[in-house]
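Asks: Attaching a single structure in structure tokens format; questions to follow.
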Ligand code: NDP
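In the numbering used here, the protein residues as written are 8 to 277.
If you want it as structure tokens, here you go:
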């Protein structure tokens, strides 16, 4: 059996096994794809054990994407710029890293949700491994400006300084966000996983597209956005499927169909 998995902490919520099973079925491929909970201080050991057991590839989720970047032997230029890895291919014992989060988000925004990113003012909440992965692909769509606001301000300042050569990026603390509306707000904090919403001024959401990377019909961020006059509110289910499709292509060389998979998952989680 071709062995694949997603490794994270927490991991019980992950839909990745269902998504990859549907992709594999589309092309008649037989795979096993499991969820692996790694202890917070045990990511490397967990990876080594899975590779020894014959793994051909795996995805990495919260909070290990930056650690995964440090672990790989080689990676794509995209993952290298992000310094964050969410997909690893194992070949002859060597680990090859890729980051498909950015392309997944952009494909969902532009193809599934028919949104234009060019010229838009974007606020990203959070500066973790996923924000590192989505910044360059978003900047390549030529937004007017990206504001990155994080609880630990030094991280957003570092990202802003690193990415400013690709476009206009500014870093802030979460508590510095002004009540001035933007076009798109992306919640890339993991606060939703704990049922929380970062404390930010409500005025920023008025008329905006509010996109939570977390998925589900009523995440705390989505509730907040709806209560504060957002124009459109969406979760990250489309991104989840799109980033998985790019990971599938990285492993198997074939890009699967995504729209039907998003539709069938939407029916099960709503
Ligand atoms: P990380 O653990 O790398 O980063 C977490 C980020 O969230 C940090 O910026 C952290 O701030 C911030 N944060 C955590 N709790 C709070 C809080 N209570 N208030 C304010 N900020 C908080 O996680 P990732 O970047 O990998 O993932 C972020 C989210 O994106 C997760 O919810 C994940 O499920 C989702 N995701 C969804 C995908 C999809 O396909 N839909 C793909 C990838 C991720 P600080 O630096 O101060 O600790």
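Glycine included, C-beta positions come from ideal geometry on N, C-alpha and C. Computed from a predicted structure; not experimentally measured.
Output the distance between the C-alpha atoms of residue 138 and residue 195, rounded to the nearest integer angstrom.
Replies: Roughly 6 Å separates the two Cα atoms.
Asks: Are residue 249 and residue 216 touching if we call contact CB-CB under 8 Å?
Replies: no
Asks: Between the C-alpha atoms of residue 177 and residue 146, what's the straight-line distance to the nearest angstrom?
Replies: For residue 177 and residue 146, the distance between alpha carbons rounds to 12 Å.
Asks: Looking at the secondary structure, which residues open and close the beta strand (DSSP E) in which residue 39 lies?
Replies: 38 to 44
Asks: Tell me, to the nearest whole angstrom, how far the beta carbon of residue 135 is from that of residue 90; I am working on the premise that it is less than 8 Å.
Replies: Not confirmed; about 12 Å, so no contact.
Asks: Which residues share a DSSP beta bridge with residue 62?
Replies: 10
Asks: Could you tell me which uninterrupted alpha helix (DSSP H) segments, each at least 4 residues in length, are contained entirely in the segment 129 to 158, listed from first to last along the chain?
Replies: For the segment 129 to 158, whole alpha helix (DSSP H) runs of length 4 or above, ordered along the chain, are 136 to 146.
Asks: At a threshold of 7 Å, does residue 69 count as lining the ligand NDP (C-beta to nearest heavy atom)?
Replies: yes
Asks: Within a Cβ cutoff of 6 Å, which residues of the same chain sit near residue 237, ignoring the five residues on either side of it in sequence?
Replies: Apart from sequence neighbours up to five positions away, the residues of its chain that approach residue 237 with a beta-carbon distance below 6 Å are 212, 215 and 217, ordered along the chain.
Asks: According to DSSP, is residue 161 helix, strand or coil?
Replies: helix
Asks: Please state whether DSSP places residue 104 in a helix, a strand or coil.
Replies: Of the three classes helix, strand and coil, the one that applies to residue 104 here is strand, per DSSP.
Asks: Please state the DSSP three-state secondary structure of residue 264.
Replies: Coil at residue 264, not helix or strand.
Asks: If you follow the alpha helix (DSSP H) that residue 96 is part of, which residue opens it and which one closes it?
Replies: Counting along the chain, residue 96 falls outside any alpha helix (DSSP H), though it belongs to the beta strand (DSSP E) covering 94 to 98.
Asks: Check residue 179 in the structure and name its three-state DSSP category.
Replies: Look at residue 179 here: in three-state DSSP terms it is strand.
Asks: Say yes only if the C-beta of residue 246 is nearer than 7 Å to one or more non-hydrogen atoms of the ligand NDP, and no if none qualify.
Replies: yes
Asks: Would residue 230 count as contacting chain C if we go by Cβ distances under 8 Å?
Replies: Here there is only one protein chain, and chain C is not present.
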